[in-house]
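To start, the structure under review is shown below, and the notes come after it.
Chains as they are written, first to last, in this note's numbering: chain A, 1 to 302; chain B, 1001 to 1254.
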């Protein structure tokens, strides 16, 4: 404000805080010594672990040999197929039940609340076992006269796993979708109504596309978690990666080697999915993540 | 001339607050009605009831000769379905205080969404009309801009074009300039003035008394859920008869 008086009071630049002659000096960024120390410690720890694995009772040629073994690859295929199918079922149910929970219809709302309560309230492993053993409750399935089948024929490990994972996932995804829908401004619904949209058209065209921005990150997280959850289905004999790896090491006793093979494949799938998630998020951020001025109430001038 | 809107003894309460306390009004087609009044006087609620964004507690409203929200069978009024209410809303276009442009769509996409999805019209035809509307509100260059890239005034002009794209018989404006920076109010009022001169029937809830005096055929003053005074802009805004109207105008001009 009154820089002239400030400069005049410094008396030739020797006393006080003001010395304009230092303006040409080079700026040196702050040094982060702590980071260097931490990095060195971490590298040492990593080297120790690598050394342990390298010198341990691990036959790396076995790892290499089984990494692309036919049984492992087919297990991997099953893991991927199951992830895709269960997640698709989970998202479809999640959207459906989220809409039902928010519906003004008390019957739909009640059904959805019960669904979410039941499937979030019991362990996934238990649900898988129930599906797999459903023949004990319903020995036969079908519409009498039209078609009928024995439940044990229908409820294969694949079907039981798909239902178990997908329906359980739906209960969680419903909550994610619901929070996504709630994140969209109520004015959007009013504007959609004002141009004559019905409730469902508004959801499909206006609300869900905008809710996606909030929904995608947690759902991406859930897809990644689903890849690994499929391994739980090994208990009911679904032939995914881990199950097939176990089958092999029961025969050849190369336990750690085959677990490393499985871990390697899981990490690879998850890495690819993380990259895909990044691009999806960018796509659905359109129109909103731009660093432009937000619409605001008139700002008061100072 | 047949009235475009008729309201008969309309009541609407939010909890214990009586937002509309027996409002009756007839609005002739082809005219511009400005509704003024203090905040909380029920003027926005009346507008939202005409467009069925709020459901009325009792009374009846007709828009373009059709009873809205209900079907009369004998001496009872049966509530209409979601789809029937959606169809009735096509008679009127609405412009909101906070613009409410669809954030995930560009200016052009905002305008064609209704004609394309609701009216199921052909895309090339609809895009042509939308471009003409953007031209009319002076925003042809912004066709591919997202709402977040537009100023408030530009967003409101796109919102007006979006409402016009449905070819409504009646335009409802709910405080269209209240959320704007002062220097952006003029451009929106200019578009509305142009619309009024083209003969569009308009109901405008506003605090812009200058605009009301210049453009309105009629001004209604509302207070505590009722229409207190109604007449020409000259009568209501310059020589009000009621004390409450006089107090309000004095407060606004102060």
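Using N, Cα and C, we set each Cβ at its ideal position, and we do this for glycine too.
The beta strand (DSSP E) that contains residue 1023 (chain B), what's its start and end?
1017-1028
Any beta carbon from chain B within less than 7 Å of residue 210 (chain A)'s own beta carbon?
yes
Can you check whether the CB of residue 1205 (chain B) is closer than 7 Å to the CB of residue 971 (chain B)?
Since the first residue shown for chain B is 1001 and the last is 1254, residue 971 (chain B) is missing from the structure and cannot be characterised.
Sequence-distant residues of the same chain with beta carbon closer than 6 Å to residue 260 (chain A), five excluded per side
63
Can a CB atom of chain A be found closer than 7 Å to the CB of residue 1118 (chain B)?
yes
Minimum length 3: unbroken beta strand (DSSP E) runs contained in the region 26-86 of chain A:
none
Return helix, strand or coil for residue 297 (chain A), following the three-state DSSP convention.
Below a pLDDT of 50, predicted positions are generally treated as unreliable, and residue 297 (chain A), at 41, falls in that range; no measurement from the model is reported.
Sheet register partners of residue 1094 (chain B) (DSSP bridge):
B:1172
Flag residue 1002 (chain B) as yes if its beta-carbon sits less than 7 Å from any beta-carbon of chain A, otherwise no.
no
Pick from B:1178, B:1175, B:1143, B:1148 that is closest to residue 1161 (chain B), judged by C-alpha positions:
B:1143
Partner residues on chain A for residue 1100 (chain B), Cβ-Cβ distance less than 7 Å
187, 188, 190, 191
Tell me the DSSP secondary structure of residue 158 (chain A) in three-state form.
helix
With 16 other CB atoms within 10 Å as the buried threshold, where does residue 1229 (chain B) fall?
buried
Just by C-beta distance, which residues in the region 195-210 of chain A are closer than 8 Å to chain B?
195, 196, 197, 198, 199, 201, 205, 206, 209, 210
Output needed for residue 95 (chain A): all residues of its chain with C-beta closer than 6 Å, excluding positions within five of it in sequence on either side, in chain order.
177
Extent of the continuous alpha helix (DSSP H) run through residue 282 (chain A)
255-284
Assuming residue 1199 (chain B) and residue 1218 (chain B) are in contact, meaning their beta carbons sit under 8 Å apart, how far apart are those beta carbons, in whole angstroms?
That pair is no contact at about 15 Å.
Based on Cα-Cα distance, which residue from B:1074, B:1105, B:1068 lies nearest to residue 1088 (chain B)?
B:1068
Pairwise C-alpha distance: residue 154 (chain A) and residue 163 (chain A)
12 Å
Compare the C-beta of residue 1166 (chain B) against all C-beta atoms of chain A and say whether one is closer than 7 Å.
yes
Does the pairing of the region 1002-1022 of chain B with the region 1049-1059 of chain B give three or more beta-carbon distances under 8 Å?
yes
Please state the DSSP three-state secondary structure of residue 1164 (chain B).
helix
Bridge-paired residues (DSSP) for residue 104 (chain A):
None, per the DSSP bridge assignment.
Under the assumption that residue 1193 (chain B) contacts residue 1215 (chain B) (Cβ atoms under 8 Å), give the Cβ distance between them as a whole number of angstroms.
6 Å
Identify the continuous beta strand (DSSP E) that holds residue 1013 (chain B) and give its terminal residues.
1003-1014
Grouping DSSP H, G and I as helix and E and B as strand, with all else coil, what is residue 1146 (chain B)?
coil
Amino acids of chain A, ordered along the chain, whose beta-carbon sits closer than 8 Å to that of residue 1221 (chain B)
Result: empty, since nearest Cβ-Cβ is about 25 Å, beyond 8 Å.
In chain order, what residues of the same chain have a beta carbon less than 8 Å from the beta carbon of residue 1163 (chain B), not counting five sequence neighbours either side?
1093, 1094, 1095, 1171
Starting from the C-beta of residue 1137 (chain B), find all residues in its chain whose C-beta is less than 8 Å away, skip the five residues before and the five after it, and write them out in chain order.
1157, 1158, 1160, 1161, 1191
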